[in-house]
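Colleague: Protein chains in written order, with the numbering used here: chain P, 17 to 703; chain B, 17 to 703.
(1) Anything in chain B within Cβ reach of residue 330 (chain P), meaning under 8 Å, just list it in chain order.
(2) With 9 Å as the threshold, decide whether the Cβ of residue 661 (chain B) is near any Cβ in chain P.
(3) Just to confirm the assignment, what range does the alpha helix (DSSP H) spanning residue 594 (chain B) have?
(4) Only counting the same chain, and skipping five residues up and downstream in sequence, which positions put a Cβ closer than 7 Å to that of residue 702 (chain P)?
(5) Thinking just about the alpha-carbon of each residue, which of P:387, P:431 and P:281 is nearest to the one in residue 450 (chain P)?
(6) Name, in chain order, the residues that DSSP records as bridge partners for residue 254 (chain P).
(7) DSSP has residue 201 (chain B) in a bridge; who is on the other side?
(8) I'd like to confirm the pairing. Which residues does DSSP put opposite residue 81 (chain P) in its beta bridges?
(9) Looking only at DSSP bridge pairs, what is residue 241 (chain P) linked to?
(10) Please determine, among P:43, P:296 and P:562, the residue with the shortest C-alpha to C-alpha distance to residue 326 (chain P).
(11) From residue 154 (chain B) to residue 100 (chain B), what does the alpha carbon distance come to, in whole angstroms?
(12) Can you tell me whether residue 309 (chain B) is helix, strand or coil according to DSSP?
(13) The beta strand (DSSP E) that contains residue 93 (chain P), what's its start and end?
(14) Hey, out of B:345, B:222 and B:245, whose CA is closest to residue 332 (chain B)'s CA?
(15) Using a Cβ-Cβ distance under 9 Å, would residue 346 (chain B) count as near chain P?
(16) Using the beta-carbon count (16 or more within 10 Å), is residue 34 (chain P) buried or exposed?
(17) Specify the secondary structure class of residue 577 (chain P) as computed by DSSP and reduced to three states.
(18) Helix, strand or coil, according to DSSP, for residue 279 (chain B) in the structure here?
(19) Alpha helix (DSSP H) containing residue 1 (chain B): first to last residue?
(20) Mind listing the chain B neighbours of residue 342 (chain P)? Cutoff is C-beta to C-beta under 9 Å, in chain order.
(21) What are the boundary residues of the alpha helix (DSSP H) that includes residue 679 (chain P)?
(22) Residues in the same chain with beta-carbon distance under 8 Å from residue 170 (chain P), minus the five sequence neighbours each way, listed in chain order, please.
(23) Under 9 Å between the Cβ atoms of residue 645 (chain P) and residue 306 (chain B)?
(24) Going by other Cβ atoms of all chains shown within 10 Å of its Cβ, with 16 needed for buried, is residue 287 (chain B) buried or exposed?
(25) Whole angstroms are fine: how far does the CA of residue 293 (chain B) sit from the CA of residue 447 (chain B)?
(26) Can you check which of these residues, B:161, B:407 and B:72, is closest to residue 522 (chain B) by C-alpha distance?
(27) For residue 489 (chain P), name the three-state secondary structure that DSSP assigns.
(28) May I ask you to list, following chain order, the residues of the segment 450-461 of chain P that have a beta carbon less than 7 Å from some beta carbon of chain B?
(29) Contact between the segment 180-193 of chain B and the segment 116-129 of chain B: three or more CB pairs below 8 Å?
(30) What residues of chain P sit near residue 600 (chain B), judged by a beta carbon separation below 8 Å?
(31) Measuring straight from C-alpha to C-alpha, what distance separates residue 144 (chain B) and residue 152 (chain B)?
(32) Just to make sure I have the definition right: I need the residues of chain B whose C-beta is within less than 8 Å of the C-beta of residue 692 (chain P). Which are they?
(33) Look up residue 128 (chain B) in the DSSP assignment and give the residues it is bridged to.
(34) CB-CB under 8 Å to residue 693 (chain P), same chain, minus the five flanking residues each way: which ones, in chain order?
(35) In terms of residues, what are the limits of the beta strand (DSSP E) holding residue 183 (chain B)?
(36) Got a sec? Which residues, its chain only, sit under 6 Å from residue 274 (chain P) by beta carbon, not counting five neighbours each side?
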């Protein structure tokens with residue numbers, strides 16, 4: 017499954033990049049769509065109306081994935097693994113919705129999610145000139161960063177005031193363009209339907225990033241406004257038949273991050289430092305959560321969503337590190353960079369050195385940055401809450417233009433929705449994770465580090481963690497409100513130990529944040545902008561930027577790969593799920609749910625279940641609608657195969673494939689496995 | 017469970033050490049037993065005959081644990097987890113003896129283990145003077161190390177020739193004494209009985225190092241000589257009743273390693289470097305093996321023994337690191353060292369600096385040492401085989417006195433038994449582990465390291481590993497024989513890629529080995545010998561050395577701990593196993609085997625199953641017999657509780673406990689669960 021939470025700046029290099037876009041390549045902007053390419057390669061005419069309808073039907077979820085409107089009454093379809101954090105938060109020891117599934121037979125039974133936000137893109141405005149005009153040429157990178165932050169905060173706040181829409185300035189082409197994205201926001205989102213985890217994630221970690229697959233990785237929510245289902249103008253009509261082999265399909269979703277433009281120095285930084293470090297942390301967390309989960313069934317329930325995220329991230333990163341450690345890959349990338357440097361000329365060539373210089377600083381501060389500002393030492397939700405309360409009190413007193421980006425005025429509603437979430441907090445798991453991260457802090461910084469001494473307060477990591485969690489009262493949402501309402505005075509007066517800890521580490525953490533922004537991010541932003549310009553000179557502007565978790569259009573054909581005995585057919589069927597379970601002893605993660613065993617005789621077993629296509633996708637695209645030429649929904653992206661991990665760096669359609677659930681299987685399962693005919697009817701309603 | 021394979025120089029500090037031995041403290045030498053202490057504290061008279069009988073009944077297993085003779089016909093009892101490596105090697109895809117258990121109803125059905133060696137201590141001879149006389153005062157540590165190795169190799173070979181007994185010079189008190197241990201050796205060892213893993217390791221990783229417990233962690237082998245059951249003079253009579261609460265019991269076993277005499281600098285080295293590094297490697301291996309195991313049931317079977325070892329080591333090390341990171345612990349240790357330094361005088365005080373100096377060098381070389389000499393880069397059995405063949409060819413041409421210790425003449429038979437083992441080798445698992453360790457090599461040493469370039473041969477870690485394993489022919493035992501018989505000429509001529517790899521890295525690996533021996537081990541040996549002398553001045557010689565995987569006598573009382581609601585009773589019963597399973601849903605690792613469910617009605621449910629006592633034990637003691645004053649076997653050690661991990665550093669009887677299976681439960685289970693009445697009869701035969 018595509019990870020979001022653990023996305024790093026990671027990439028894979030496979031082939032020497034050619035300066036032209038490949039057949040089905042691209043994560044295209046909706047305001048710069050690949051009209052000519054589609055016409056030329058597929059004879060498809062992407063009209064404004066067609067694009068506009070698809071854009072307005074696409075949905076972004078703040079849990080880190082994509083989705084789409086699929087009815088006039090605000091019904092949203094996404095993946096089970098994208099909805100998983102909401103399912104986890106809605107679960108109790110007695111009702112494990114993530115594992116057992118859920119179906120609201122009536123609208124009154126739909127369950128309100130504690131902190132979900134949906135975004136629907138309304139329009140895009142180029143603000144590159146205004147941003148760059150605010151950053152004076154020849155100033156220090158510190159001054160540049162302050163000026164850039166100020167203008168971005170300001171543009172967003174002006175836009176929010178003027179339109180009432182969520183307004184985000186997005187950095188494209190690593191700094192080559194700045195565009196203002198405006199979204200309609202839905203914050204009353206209710207759970208309608210989820211299948212059992214057993215079928216949603218059938219095959220589990222072993223089958224993750226593999227194909228063939230047999231997963232019903234879907235989940236339905238409904239957007240509400242004023243306590244009633246939202247009335248939606250643009251939503252995707254359902255295709256009962258699904259796609260055919262060889263058919264052209266389109267994907268509208270929110271790819272999170274790609275690194276197709278990174279310098280070799282940046283690749284080496286990832287290979288030699290960032291990726292191995294992240295993997296060590298993920299493995300550490302994986303072992304911790306598995307041992308916790310094995311102790312009792314209730315523990316497993318509490319940790320399941322996080323454990324999935326960790327394992328998913330680990331598998332994705334391992335695939336990427338393998339590519340980075342392939343000498344053939346790196347040598348090819350070196351050759352390509354040499355060619356591009358030639359084009360860039362002397363002035364441009366400095367840009368590569370500037371990236372390398374920034375990376376050197378990043379490496380120097382990275383342990384401290386992760387430990388203090390990244391809260392690597394404080395892996396507990398209660399610490400995150402405490403820090404936000406502390407910073408919110410400080411930042412609120414500043415003018416909008418000078419605030420940390422996270423606390424800009426236009427973002428406060430979204431931030432507070434998270435901060436005041438009623439999602440459950442499990443103190444045993446909190447204490448375990450905090451003890452482990454404090455232990456990591458001692459390992460990385462040493463027992464004698466002044467800040468370590470302050471944090472531990474004379475205690476062992478285990479005792480200090482137990483103490484902090486035991487006495488912290490921030491699980492109480494009312495107390496959070498009280499502290500935020502009381503502002504800096506209330507926060508300063510608080511004797512909550514977690515608030516005190518967050519205050520104690522805030523100054524050094526902020527200092528590291530500033531070094532990163534001014535000495536790493538800003539110089540890289542400037543250098544990569546020039547490198548992007550050099551590329552534009554070769555490729556022209558009929559191209560697309562790296563992924564930024566903003567809406568993109570991809571397209572491809574439904575095709576298998578390999579040949580002879582190695583041929584992988586594009587479709588699997590419902591029939592195939594049963595032997596796949598049986599071959600693995602019907603034991604988790606290869607156990608089919610009871611509902612599917614019981615419904616077997618009723619099901620049309622030749623119904624296509626999953627399919628693959630050549631569309632250019634990456635983590636964040638999970639839940640993206642797949643539509644046909646008529647704009648009808650034929651499937652939903654839920655994964656890429658192992659070879660698709662290379663797409664972080666470069667597009668290839670040789671063996672890399674996006675993996676989707678077929679629309680036909682969704683209807684078949686809703687009607688015959690889940691007795692959810694009303695939901696299927698809503699999906700199949702034509703207008 | 018007590019780990020052996022992953023034992024490091026690790027320790028835990030809990031209390032300020034007092035210069036006198038506590039009530040039930042001590043891992044005593046059989047040639048310096050605690051006669052006075054036993055008399056004084058327990059009124060027990062340990063006669064020569066009593067000690068002699070126990071000593072000759074105790075058995076050491078080369079898989080890293082302890083055991084005892086329990087019949088005149090060579091029957092040996094140890095733990096299931098000590099016998100696990102033999103069970104794994106005897107298993108096939110169709111017959112998983114480790115999981116499902118085994119019972120040879122007749123002697124002809126007993127299964128010969130591919131490479132097991134049992135050692136029974138015959139006598140001990142002090143050779144301190146001879147060793148020290150060979151090492152000239154005032155020479156360099158390099159010369160001292162060479163001289164010391166020469167005399168040790170020589171003494172052992174002389175003894176082997178003269179007596180025919182396995183002869184090992186053992187370093188005691190970290191260098192304060194050298195003693196020659198002579199063992200009778202059994203190499204034809206056959207499997208008689210093992211229960212299912214479900215009951216042997218009931219509770220799995222969650223219950224490991226915990227109490228109360230409900231485990232039947234036992235396994236029976238039989239020693240053979242000349243293809244007939246060995247006739248044994250000294251074996252332990254069985255106590256049908258087991259021990260009583262408050263009773264004095266004795267443990268004769270082979271504790272592997274303790275660190276009760278480490279300097280603070282040594283503790284800091286462990287805390288800040290060695291233990292975190294080991295834990296990272298263990299977690300990495302744990303995740304690798306679990307993902308491999310989850311893919312299919314046969315994978316799980318192949319990896320289960322190694323996965324247990326890794327998880328066991330991880331849990332033990334985490335406990336120890338927690339103690340090392342407790343500031344209270346380290347401060348106490350600092351105060352104690354200060355006091356001891358005061359006693360040692362000026363000359364003695366240099367010893368601490370010498371230890372610190374050696375540690376500095378160890379830290380400098382440790383990554384390289386682990387990667388090349390420790391084969392951290394080459395985690396495949398086939399590489400280990402290749403290296404031994406390469407080194408055996410080189411070392412065999414040298415005189416015995418100048419050989420690496422492992423290849424000394426007196427050790428060659430044992431070494432060859434391992435090297436020519438017919439234990440299965442799984443190429444898929446080999447390739448997976450090798451790819452991961454080659455990837456670790458790139459992470460730690462960098463892509464441009466000359467040796468890394470040589471090792472990878474232009475390929476990615478994954479491709480190189482696949483290539484090496486695919487073309488290596490050393491799974492064929494006959495080929496190993498051929499290469500060893502052919503000596504250096506045959507090895508040089510071999511085009512086996514693993515042999516070539518082992519030769520390519522041998523020179524740098526040997527160089528690191530030499531630096532370690534001459535600049536780390538020898539100076540520490542000398543310094544710790546002087547520190548030990550300083551201690552002798554305080555404690556006298558009525559004391560015991562740190563554990564060295566040689567036979568020791570420990571003793572203690574059968575006692576619970578804690579009070580009120582926190583009281584832990586010393587015994588569990590067979591009855592308790594059933595609710596413990598039910599409370600955890602009867603799901604692995606809390607599932608009882610079918611045999612125990614079926615036999616429930618027949619069992620005397622109040623039979624004691626496990627018990628705890630205050631004896632001073634550590635990893636390596638697993639499988640040790642527990643005997644009463646009459647020398648009858650009342651139980652078998654299989655674990656320590658979490659608090660007992662502190663025993664690595666200092667003895668405490670407050671809450672630390674050794675955990676045993678009760679002799680009564682063993683008879684009850686053999687007769688009523690396993691229909692193994694004949695085996696029970698053999699155990700209960702009185703003469």
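Virtual Cβ for every residue (Gly too), placed ideally from N, Cα, C.
Modeller: Answer, in terms of the structure:
(1) Residue numbering aside, residue 330 (chain P) sits at position 314 when the first chain is read from its first letter. Ordered by position in chain B, the residues that pass the 8 Å Cβ test against residue 330 (chain P) are 303.
(2) In the second chain, the residue the question calls residue 661 (chain B) occupies position 645. No, no contact with chain P.
(3) The residue labelled residue 594 (chain B) in the question sits at position 578 within the second chain. From DSSP, the alpha helix (DSSP H) with residue 594 (chain B) extends over 590-599.
(4) Taking the first residue of the first chain as position 1, residue 702 (chain P) is located at position 686. Closer than 7 Å at Cβ, skipping near neighbours: 253.
(5) By 1-based counting over the first chain, the position of residue 450 (chain P) is 434. The shortest Cα separation from residue 450 (chain P) among P:387, P:431 and P:281 belongs to P:387.
(6) On the first chain, position 238 is the one that residue 254 (chain P) refers to. According to DSSP, which records beta bridges pairwise, residue 254 (chain P) is partnered with P:649.
(7) Here residue 201 (chain B) refers to the residue found at position 185 of the second chain. Residue 201 (chain B) is bridged to B:135.
(8) Walking along the first chain from the start, residue 81 (chain P) turns up at place 65. In the DSSP output, where bridge partners are listed per residue, residue 81 (chain P) has P:77.
(9) The sequence position of residue 241 (chain P) within the first chain is 225, counting from 1. Looking at the DSSP assignment, residue 241 (chain P) forms a beta bridge with P:244.
(10) Within the first chain, the letter at position 310 stands for residue 326 (chain P). The shortest C-alpha separation from residue 326 (chain P) is found at P:296.
(11) Within the second chain, numbered from 1, the residue matching residue 154 (chain B) stands at position 138. Within the second chain, numbered from 1, the residue matching residue 100 (chain B) stands at position 84. Roughly 48 Å separates the two Cα atoms.
(12) Your numbering for residue 309 (chain B) matches position 293 in the second chain. Three-state DSSP puts residue 309 (chain B) in a helix.
(13) Counting from 1 along the first chain, the entry for residue 93 (chain P) is found at position 77. First-last of the beta strand (DSSP E) with residue 93 (chain P): 91-94.
(14) Walking along the second chain from the start, residue 332 (chain B) turns up at place 316. Of B:345, B:222 and B:245, the residue nearest in Cα terms is B:222.
(15) If you number the second chain from 1, residue 346 (chain B) lands on position 330. Chain P contact via Cβ: present.
(16) For the purposes of this step, residue 34 (chain P) is taken as the residue at position 18 of the first chain. In this prediction, residue 34 (chain P) has a pLDDT of 36, which is less than 50 and means its spatial position is unreliable; what the coordinates show is noted afterwards. Flag for residue 34 (chain P) reads exposed.
(17) In the first chain, residue 577 (chain P) corresponds to position 561, counting from 1. Looking at residue 577 (chain P) - three-state DSSP - the assignment turns out to be strand.
(18) To locate residue 279 (chain B), count along the second chain from 1; it is residue 263. Residue state, collapsed to three classes: coil.
(19) Nothing in the structure corresponds to residue 1 (chain B), since chain B is present only between 17 and 703.
(20) In the first chain, the residue the question calls residue 342 (chain P) occupies position 326. Those within 9 Å of residue 342 (chain P) in chain B are 475, 476, 477, 478 and 479.
(21) For this step, residue 679 (chain P) is matched to residue 663 along the first chain. 679-688 is the span of the alpha helix (DSSP H), which, as asked, contains residue 679 (chain P).
(22) On the first chain, position 154 is the one that residue 170 (chain P) refers to. So the qualifying residues of the chain are 416 and 417.
(23) Position 629 of the first chain holds residue 645 (chain P). Position 290 of the second chain holds residue 306 (chain B). Their beta carbons are not under 9 Å apart, which means residue 645 (chain P) does not touch residue 306 (chain B) by this criterion.
(24) Stepping through the second chain from its first residue, residue 287 (chain B) is reached at position 271. Buried, by the Cβ-count rule.
(25) Taking the second chain and counting its residues from 1, one reaches residue 447 (chain B) at position 431. Taking the second chain and counting its residues from 1, one reaches residue 293 (chain B) at position 277. Answer to the nearest angstrom: the Cα atoms are 23 Å apart.
(26) Counted from its first residue, the second chain places residue 522 (chain B) at position 506. Nearest of B:161, B:407 and B:72 to residue 522 (chain B), Cα basis: B:407.
(27) Walking along the first chain from the start, residue 489 (chain P) turns up at place 473. In this structure, residue 489 (chain P) counts as coil in the three-state DSSP scheme.
(28) 455, 458 and 459
(29) no
(30) In the second chain, the residue the question calls residue 600 (chain B) occupies position 584. Here the neighbours are 312 and 313.
(31) Position 128 of the second chain holds residue 144 (chain B). Position 136 of the second chain holds residue 152 (chain B). Approximately 14 Å, taken between the alpha carbons.
(32) To locate residue 692 (chain P), count along the first chain from 1; it is residue 676. Chain B residues near residue 692 (chain P): none, gap ~29 Å exceeds 8 Å.
(33) Taking the second chain and counting its residues from 1, the one referred to as residue 128 (chain B) is at position 112. Per DSSP, B:206.
(34) As a position in the first chain, residue 693 (chain P) is number 677, starting the count at 1. Closer than 8 Å at the Cβ level, and outside the excluded window around residue 693 (chain P), lie 686 and 687.
(35) Numbered from its first residue, the second chain carries residue 183 (chain B) at position 167. From DSSP, the beta strand (DSSP E) with residue 183 (chain B) extends over 182-188.
(36) The sequence position of residue 274 (chain P) within the first chain is 258, counting from 1. So the list reads 562, 563, 634 and 664, once near-sequence residues are dropped.
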